[in-house]
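Data first, discussion second: the structure below is written as structure tokens.
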Amino acid sequence: MKHRTLGTSGMFVSEIIYGNWLTHGEGVERDTAVACVHAALDAGVTTFDTADVYAQGAAEEVLGRALKGVRRESLEIATKVCLPTGPGRNDRGLSRKHIIESCHASLRRLGTDYVDLYQAHRFDDQTPLAETLIAFDDLVRAGKVHYLGVSEWRAEQIAEALRLAGELGLRSRIVSNQPQYNMLWRVIEPEVLPLCRREGIGQIVFQPLAQGVLTGKYLPGQPAPADSRAAATGRAPHFVSRVLGETLLRRIQDLKPIADDAGLSMARLAVAWTLNQPGVTSAIIGATRPEQVRDNAGAAGVTLDAEILKRIDDVLGDLIDLDPGKTGQMMNVKPEWQASRASAD
Numbered sequence: 003m004k005h006r007t008l009g010t011s012g013m014f015v016s017e018i019i020y021g022n023w024l025t026h027g028e029g030v031e032r033d034t035a036v037a038c039v040h041a042a043l044d045a046g047v048t049t050f051d052t053a054d055v056y057a058q059g060a061a062e063e064v065l066g067r068a069l070k071g072v073r074r075e076s077l078e079i080a081t082k083v084c085l086p087t088g089p090g091r092n093d094r095g096l097s098r099k100h101i102i103e104s105c106h107a108s109l110r111r112l113g114t115d116y117v118d119l120y121q122a123h124r125f126d127d128q129t130p131l132a133e134t135l136i137a138f139d140d141l142v143r144a145g146k147v148h149y150l151g152v153s154e155w156r157a158e159q160i161a162e163a164l165r166l167a168g169e170l171g172l173r174s175r176i177v178s179n180q181p182q183y184n185m186l187w188r189v190i191e192p193e194v195l196p197l198c199r200r201e202g203i204g205q206i207v208f209q210p211l212a213q214g215v216l217t218g219k220y221l222p223g224q225p226a227p228a229d230s231r232a233a234a235t236g237r238a239p240h241f242v243s244r245v246l247g248e249t250l251l252r253r254i255q256d257l258k259p260i261a262d263d264a265g266l267s268m269a270r271l272a273v274a275w276t277l278n279q280p281g282v283t284s285a286i287i288g289a290t291r292p293e294q295v296r297d298n299a300g301a302a303g304v305t306l307d308a309e310i311l312k313r314i315d316d317v318l319g320d321l322i323d324l325d326p327g328k329t330g331q332m333m334n335v336k337p338e339w340q341a342s343r344a345s346a347d
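At position 57 of the sequence shown (counting the first as 1) the number is 59 in our numbering, and the numbers step up by one without a gap.
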């Protein structure tokens with residue numbers, strides 16, 4: 003496993019980050035979830051990403067138990083705050099109250115005294131940005147957080163946070179951004195990536211497999227595999243249901259010869275693609291089985307030459323989304339956490 007420094011910080015993170023949005027507490031047995039963490043450790047992964055909202059806190063608890071006994075200094079643990087964790091008005095957002103309380107709760111669930119990276123899960127335009135930045139800075143000064151990051155912020159939001167932090171004389175600075183990014187969804191390329199590269203902010207990207215679509219397991223004219231998320235009932239991901247069209251599925255299958263020529267599985271090709279993009283530090287992988295972790299982790303250290311990258315672009319063509327106006331949206335689905343705040347009792 004290769005490691006890279008996160009932005010202009012001095013902290014190294016693994017090229018592959020294990021994220022537990024898919025597993026811990028979300029329809030996967032806890033023993034399997036723990037096995038996925040152990041598979042990641044065996045593959046050399048040292049960086050783990052979670053959030054206070056995943057499985058109503060159960061994700062952090064299971065991750066903490068799975069990492070118990072591992073030397074804490076050998077790990078980089080990242081979590082997030084902003085999305086709703088309860089029914090109250092103050093159980094969401096980036097107010098000082100919610101940030102401090104959520105951090106303390108995350109530390110308890112993870113069983114650690116500090117987190118290496120604390121991230122604003124979304125932007126909160128209902129709280130003064132200065133209040134948010136000062137609260138984060140206070141956590142850094144208290145030793146409960148080492149570095150600060152954001153997730154799915156637009157370029158102008160990141161720029162304003164950097165400007166305001168300097169104006170306020172804050173000690174801490176944003177070192178990372180966690181956006182959705184993959185071969186199909188490239189909305190950060192026109193504005194977010196150039197800004198972050200200038201400012202030394204690393205990208206730790208999620209959904210490098212586009213929720214499994216880029217693995218090639220969904221075939222044209224055939225039903226989705228029974229164990230896939232597209233076949234799941236209830237809380238089905240919006241992105242999978244949106245993209246499972248015949249044109250896209252045929253184009254995805256056209257990527258297979260490229261993967262074969264590179265000696266990679268389609269999953270490894272997709273993850274390696276993100277790691278070969280300028281400004282990207284790491285790719286976050288999720289998994290429901292340990293073997294998926296092992297396969298995806300194999301993308302670390304893979305170099306894709308210019309010809310392969312061009313062939314990928316040629317195959318996907320007009321299916322690539324580069325609209326910067328969609329930055330911060332969930333694959334064309336706008337988050338509704340702020341609306342729920344207004345209606346909370």
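Where is the CB? At the ideal position from N, CA and C, for every residue including glycine.
Asked                                                                                                                        : Found
The stretch 106 to 114 contacting the stretch 77 to 86, beta-carbon criterion three pairs below 8 Å                          : yes
Option nearest PHE50 by Cα separation, candidates CYS38, GLN58, THR134                                                       : CYS38
Own chain, CB closer than 8 Å to TYR183, minus 5 neighbours either side, in chain order                                      : ILE190, GLN205, VAL207, PHE208, GLN209, PRO210, THR276, GLN279, VAL282
Cβ-based burial, GLN128 [other Cβ within 10 Å; buried from 16]                                                               : exposed
Rounded straight-line distance, which links the Cα of ARG74 to that of ARG94                                                 : 29 Å
Segment contact, 8 Å Cβ cut-off, at least three pairs: the stretch 164 to 184 with the stretch 7 to 23                       : yes
Sub-9 Å separation of VAL194 and PRO292 beta-carbons                                                                         : no
Short Cβ contact (9 Å threshold) for TYR56 with VAL295                                                                       : no
Continuous beta strand (DSSP E) assignments of at least 3 residues falling wholly in the stretch 104 to 160                  : 117 to 122, 147 to 153
For TRP23 and GLN213, the rounded distance between their alpha carbons                                                       : 11 Å
Spatially closest choice to GLY66 from ALA107, PRO86, PRO89, ILE101, by CA coordinates                                       : ALA107
Reference ILE203, options THR217, MET3, ASP297, VAL152, closest by Cα                                                        : VAL152
Buried versus exposed call for THR305 [16 or more other C-beta atoms within 10 Å across all chains shown]                    : exposed
Own chain partners of LYS258 with C-beta closer than 8 Å, once the 5 adjacent residues on each side are dropped              : GLY218, MET268
GLN180, buried or exposed, once every other Cβ within 10 Å from all chains shown has been counted against 16                 : buried
Secondary structure of ALA80, DSSP reduced to three states                                                                   : strand
For ILE254, the three-state DSSP class (helix, strand or coil)                                                               : helix
Beta strand (DSSP E) runs contained entirely in the stretch 22 to 62, provided each spans 3 or more residues                 : 49 to 51
ASN2 - containing alpha helix (DSSP H), residue span                                                                         : Past the edges of the chain, shown from 3 to 347, lies residue 2, and the structure says nothing about it.
Pick from ALA45, VAL47, GLU62 that is closest to ALA53, judged by C-alpha positions                                          : GLU62
Chain-order list of residues whose beta-carbon lies under 7 Å from that of ASP139 (same chain, five-residue window excluded) : LEU172, ARG173, SER174
Check whether LEU391 and TYR220 have beta carbons under 9 Å apart                                                            : For residue 391 there is no data in the structure shown, the boundaries of the chain being 3 and 347.
Beta-carbon proximity of THR87 to SER104, cut-off 9 Å                                                                        : yes
Residue closest to VAL117, alpha-carbon to alpha-carbon, out of GLY319, LEU141, GLY300, VAL64                                : LEU141
DSSP-derived helix/strand/coil call for ASP315                                                                               : helix
N-terminal and C-terminal residue of the beta strand (DSSP E) that VAL207 is part of                                         : 204 to 207
Range of the contiguous beta strand (DSSP E) that encloses ARG296                                                            : It is not in any beta strand (DSSP E) - ARG296 instead sits in the alpha helix (DSSP H) that spans 292 to 299.
Between the CA atoms of ALA157 and ILE136 - distance to the nearest angstrom                                                 : 20 Å
DSSP three-state assignment for ALA285, whether helix, strand or coil                                                        : strand
For ILE260, three-class secondary structure by DSSP                                                                          : helix
Identity of the residue in VAL273, ILE18, VAL64 nearest THR43 by Cα                                                          : The sequence shown places Leu at residue 43, rather than the Thr named in the question. Answer by Cα proximity: ILE18.
Alpha carbon of GLY90 to alpha carbon of HIS100, nearest angstrom                                                            : 11 Å
Which residues DSSP lists as bridging TYR20, in chain order                                                                  : PHE50, ILE287
Reference LEU119, options ALA45, ALA302, VAL15, GLU248, closest by Cα                                                        : VAL15
Range covered by the beta strand (DSSP E) that runs through ARG6                                                             : 5 to 7
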